[in-house]
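J.:
Number of protein chains: 2
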Amino acid sequence: MPELPDLTVFAENLSKQVVREKVVKVVWHERGRLNVGADELSGALVGSSISEVERSGKETLFKMNNGNRLFVHLMLQGKFVLAPRQKTASFPIMTLAFEDGKTLTVQDPKAMVMISLNPSRDHEAPDALELNPELLKRLIGVKPRMLAKAFLIDQKIVRGIGNAYADEILWKAAISPRSVMGRLPEEAIDELVRAVHSVLNSAIEQLRRDHPAIIAGEIRDFLAVHNPSRKVSPTGHPIQVETISSKKTYFTDEQVLYPEKAVKHGATE
Amino acid sequence: MPELPDLTVFAENLSKQVVREKVVKVVWHERGRLNVGADELSGALVGSSISEVERSGKETLFKMNNGNRLFVHLMLQGKFVLAPRQKTASFPIMTLAFEDGKTLTVQDPKAMVMISLNPSRDHEAPDALELNPELLKRLIGVKPRMLAKAFLIDQKIVRGIGNAYADEILWKAAISPRSVMGRLPEEAIDELVRAVHSVLNSAIEQLRRDHPAIIAGEIRDFLAVHNPSRKVSPTGHPIQVETISSKKTYFTDEQVLYPEKAVKHGATE
DNA sequence: GCCCCAAACAACGA
DNA sequence: CTCGTTGTTTGGGG
Numbered sequence: 004m005p006e007l008p009d010l011t012v013f014a015e016n017l018s019k020q021v022v023r024e025k026v027v028k029v030v031w032h033e034r035g036r037l038n039v040g041a042d043e044l045s046g047a048l049v050g051s052s053i054s055e056v057e058r059s060g061k062e063t064l065f066k067m068n069n070g071n072r073l074f075v076h077l078m079l080q081g082k083f084v085l086a087p088r089q090k091t092a093s094f095p096i097m098t099l100a101f102e103d104g105k106t107l108t109v110q111d112p113k114a115m116v117m118i119s120l121n122p123s124r125d126h127e128a129p130d131a132l133e134l135n136p137e138l139l140k141r142l143i144g145v146k147p148r149m150l151a152k153a154f155l156i157d158q159k160i161v162r163g164i165g166n167a168y169a170d171e172i173l174w175k176a177a178i179s180p181r182s183v184m185g186r187l188p189e190e191a192i193d194e195l196v197r198a199v200h201s202v203l204n205s206a207i208e209q210l211r212r213d214h215p216a217i218i219a220g221e222i223r224d225f226l227a228v229h230n231p232s233r234k235v236s237p238t239g240h241p242i243q244v245e246t247i248s249s250k251k252t253y254f255t256d257e258q259v260l261y262p263e264k265a266v267k268h269g270a271t272e
Numbered sequence: 004m005p006e007l008p009d010l011t012v013f014a015e016n017l018s019k020q021v022v023r024e025k026v027v028k029v030v031w032h033e034r035g036r037l038n039v040g041a042d043e044l045s046g047a048l049v050g051s052s053i054s055e056v057e058r059s060g061k062e063t064l065f066k067m068n069n070g071n072r073l074f075v076h077l078m079l080q081g082k083f084v085l086a087p088r089q090k091t092a093s094f095p096i097m098t099l100a101f102e103d104g105k106t107l108t109v110q111d112p113k114a115m116v117m118i119s120l121n122p123s124r125d126h127e128a129p130d131a132l133e134l135n136p137e138l139l140k141r142l143i144g145v146k147p148r149m150l151a152k153a154f155l156i157d158q159k160i161v162r163g164i165g166n167a168y169a170d171e172i173l174w175k176a177a178i179s180p181r182s183v184m185g186r187l188p189e190e191a192i193d194e195l196v197r198a199v200h201s202v203l204n205s206a207i208e209q210l211r212r213d214h215p216a217i218i219a220g221e222i223r224d225f226l227a228v229h230n231p232s233r234k235v236s237p238t239g240h241p242i243q244v245e246t247i248s249s250k251k252t253y254f255t256d257e258q259v260l261y262p263e264k265a266v267k268h269g270a271t272e
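And the structure:
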């Protein structure tokens, strides 16, 4: 549920709380998904301490001072819970206990959370904040027929953008979610890259400012179009809601459609 | 282009002309597709004679008296050409020369013809004329969500039915081409099996009667609905033409739609 | 809302 | 109109 901006700020705030903490115990609660055995997980983490916490795509990456890397994907309902002392959070997936008594628990009532220790990430898609016009053009070249909406949220193409921010970015770039990527003119591609950065970065800044310690949840009340409480965009155009590429999509008629084939004059079928 | 009824009659008529003929030469004209080398093809056929010619799905099968089996799929524009003496047909793919001087040539201007010598046909789909209600139910059980139109023409499900006869069969069975196979009630399944046999067999009989020596081409002028020259079905209902499962489909409102989900009363979305 | 998988569907070339 | 391959979409389950 949280997307790139939320997860970025979560990582920053977790960082302040757990960097340099030494792991003394790892409990795997036999729920959720783990790419290795629970014993291997413990063996890799216990005795080492966290050197960095950062966001990568939609995952949170814990770098350990012994070189191990632990990726946590919160999926739909996962949450980080920090407790000053031993306190068992509800719906626990994994608990890290630190030397000073603090614990970090990943919890998820649906147990969909995915945790990966040192995964092999061979040909990984670029993170959304690494996009530039040349890179985007290359990605479009590989998947020229995809709709803009489907393209932006496909983690095998770009990592980090979810359903909500895809709508925000497309609105900002004035590109219809039904546009076919391969039909975007040069200027629209440039505009899209600018929108990716400006929408995500200003959301990050706003979250930092208004929620300086947040490590869980999602803040969406400031979104311009993907926002059920709004009827019109900031520029006053009515917000439409449709299912596009199987996703609930918010958009307005300010967004230009670049269709697969030019519509022929007088065509009926 | 020819479908099951045409191909059945072609095989019967070819049979009369080539059974017991001994192959003395095989020429592969280096066009079209062959599942073995040209030398292996010659080696298998030269010196043996044809013992039977029959139709299998949309292919014509030549059984040799040495056990070899040669399948010819004419695809869109392939044709059999029989010549009393050496005479090179245009667009040749493969020529069999017989001991008595006759030749059988497979020709195709687009070179799409597919020829297979002793192919491994492991879990082959049943031929359309082998269908019975129990078998059809079993096939539906494997692909319950497919549309009737797509189902009937899928050669991995049933072999022999193409775009034109699928429409004829569905009209005869009074089943809409947009019906979902898994929703057909028992009676409709029975009716569909009956329609498969009656439509195909009466077309075969008509072709035998009116074109007693035909080995190429296609006769479609008697089709009831898949027939551009008709405006209404034999029972007087206007024929509609739409693209269904990417195929041009002819049907009428006599055909009952069995949809995926029941339409809710008053539903809007 | 998320990811994965499988099945269905569409587009292209031969 | 045909088949095979490939890429994209859709639906269900966790």
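Protein chains in written order, with my numbering: chain W, 4 to 272; chain Y, 4 to 272. Think of the CB as a built atom: it goes at the ideal place given N, C-alpha and C, for glycine as much as any other residue. All values reported here derive from a predicted model rather than from experimental measurement.
Beta carbon of Met115(W), beta carbon of Pro147(W): below 9 angstroms?
T.: Taking the first residue of the first sequence as 1, we reach residue 115(W) at position 112. Taking the first residue of the first sequence as 1, we reach residue 147(W) at position 144. Taking 9 angstroms as the Cβ cut-off, Met115(W) and Pro147(W) do not qualify as a contacting pair.
J.: I'd like to check one pair, Ile192(Y) with Leu139(Y): are the Cβ atoms closer than 9 angstroms?
T.: On the second sequence, position 136 is the one that residue 139(Y) refers to. On the second sequence, position 189 is the one that residue 192(Y) refers to. Yes.
J.: Any idea if Leu79(W) is buried or exposed, counting beta-carbon neighbours within 10 angstroms, 16 or more meaning buried?
T.: Counting from one through the first sequence, the residue named residue 79(W) turns up at place 76. With fewer than 16 Cβ atoms within 10 Å of its Cβ, Leu79(W) is classed as exposed.
J.: I'd like the span of the alpha helix (DSSP H) that includes Arg197(W), first residue to last.
T.: Counting from one through the first sequence, the residue named residue 197(W) turns up at place 194. Element bounds for Arg197(W): 189–213.
J.: How big is the Cα-Cα spacing for Asp157(Y) and Val56(W)?
T.: For the purposes of this step, residue 157(Y) is taken as the residue at position 154 of the second sequence. For the purposes of this step, residue 56(W) is taken as the residue at position 53 of the first sequence. Each residue's Cα considered, the two are about 53 angstroms apart.
J.: CB-CB under 7 angstroms to Arg233(W), same chain, minus the five flanking residues each way: which ones, in chain order?
T.: For this step, residue 233(W) is matched to residue 230 along the first sequence. Ile242, listed in sequence order.
J.: Please report how far the alpha carbon of Ser201(W) lies from the alpha carbon of Leu73(W), in whole angstroms.
T.: Indexing the first sequence from 1 puts residue 201(W) at position 198. Indexing the first sequence from 1 puts residue 73(W) at position 70. Rounded to whole angstroms, Ser201(W) to Leu73(W) spans 29 angstroms at the Cα level.
J.: Would you check if the segment 170–178 of chain Y and the segment 244–258 of chain Y touch, i.e. whether three or more CB-CB distances between them fall below 8 angstroms?
T.: yes
J.: Looking at C-alpha atoms only, which residue of His240(W), Ile118(W), Glu102(W) is the closest neighbour of Thr255(W)?
T.: The count along the first sequence starts at 1 and reaches residue 255(W) at position 252. Per the Cα distances, His240(W).
J.: Answer with buried or exposed for Glu43(W), where buried requires no fewer than 16 other C-beta atoms within 10 angstroms of its C-beta.
T.: As a position in the first sequence, residue 43(W) is number 40, starting the count at 1. It counts as exposed.
J.: Taking only the alpha-carbon atoms, compute the straight-line gap between Lys159(W) and Asp125(W) and give it to the nearest angstrom.
T.: Here the question's residue 159(W) lines up with position 156 in the first sequence. Here the question's residue 125(W) lines up with position 122 in the first sequence. Approximately 12 angstroms, taken between the alpha carbons.
J.: Measuring alpha carbon to alpha carbon, tell me which residue in Ala219(W), Leu203(W), Gly46(W), Arg212(W) is nearest Leu2(W).
T.: Outside the modelled stretch of chain W, which goes from 4 to 272, sits residue 2(W), for which no answer is possible.
J.: Which residue's Cα is closest to the Cα of Val49(W): Gly40(W), Phe65(W), Lys66(W), Lys28(W)?
T.: Within the first sequence, numbered from 1, the residue matching residue 49(W) stands at position 46. Checked all of Gly40(W), Phe65(W), Lys66(W), Lys28(W); the closest Cα to Val49(W) is Lys28(W).
J.: Shortest alpha-carbon distance to Gln89(W) belongs to which of Glu33(W), Leu77(W), Glu102(W)?
T.: One-based indexing of the first sequence puts residue 89(W) at position 86. Among Glu33(W), Leu77(W), Glu102(W), the Cα nearest to that of Gln89(W) belongs to Glu102(W).
J.: Going by C-alpha distance, which of Ile118(Y), Ile53(Y), Lys113(Y), Val199(Y) is nearest Phe154(Y)?
T.: Taking the first residue of the second sequence as position 1, residue 154(Y) is located at position 151. With distances taken between Cα atoms, Phe154(Y) lies closest to Val199(Y).
J.: Tell me the residue span of the alpha helix (DSSP H) that contains Phe13(W).
T.: What you label residue 13(W) is simply residue 10 of the first sequence in a count that begins at 1. Per DSSP, Phe13(W) belongs to the alpha helix (DSSP H) from 7–21.
J.: Among Arg58(Y), Leu210(Y), Arg162(Y), whose alpha-carbon lies nearest the alpha-carbon of Glu127(Y)?
T.: Against the second sequence, residue 127(Y) aligns to sequence position 124. Nearest option by C-alpha distance: Arg162(Y).
J.: Within 10 Å of its beta-carbon, does Gly81(W) have 16 or more other beta-carbons around it, so buried, or fewer, so exposed?
T.: As a first step, residue 81(W) must be located in the first sequence, where it is residue number 78. Gly81(W) is buried by the Cβ-count criterion.
J.: With distances taken between CB atoms, is the gap from Leu210(Y) to Ile218(Y) smaller than 9 angstroms?
T.: Residue numbering aside, residue 210(Y) sits at position 207 when the second sequence is read from its first letter. Residue numbering aside, residue 218(Y) sits at position 215 when the second sequence is read from its first letter. Not a contact, by the Cβ cut-off of 9 angstroms.
J.: In whole angstroms, what separates the C-alpha of Val326(Y) from that of Ala177(Y)?
T.: Limits of chain Y in this structure are 4 at one end and 272 at the other, which puts residue 326(Y) out of reach.
J.: Just verifying my parser: in three-state terms, what is the DSSP assignment at Tyr168(W)?
T.: In the first sequence, residue 168(W) corresponds to position 165, counting from 1. Tyr168(W) falls in the helix class under three-state DSSP.
J.: Is it right to say Asp9(Y) is buried, meaning 16 or more other beta carbons lie within 10 angstroms of its own, or is it exposed?
T.: Within the second sequence, the letter at position 6 stands for residue 9(Y). Counting Cβ neighbours within 10 Å, Asp9(Y) comes out buried, since at least 16 surround it.
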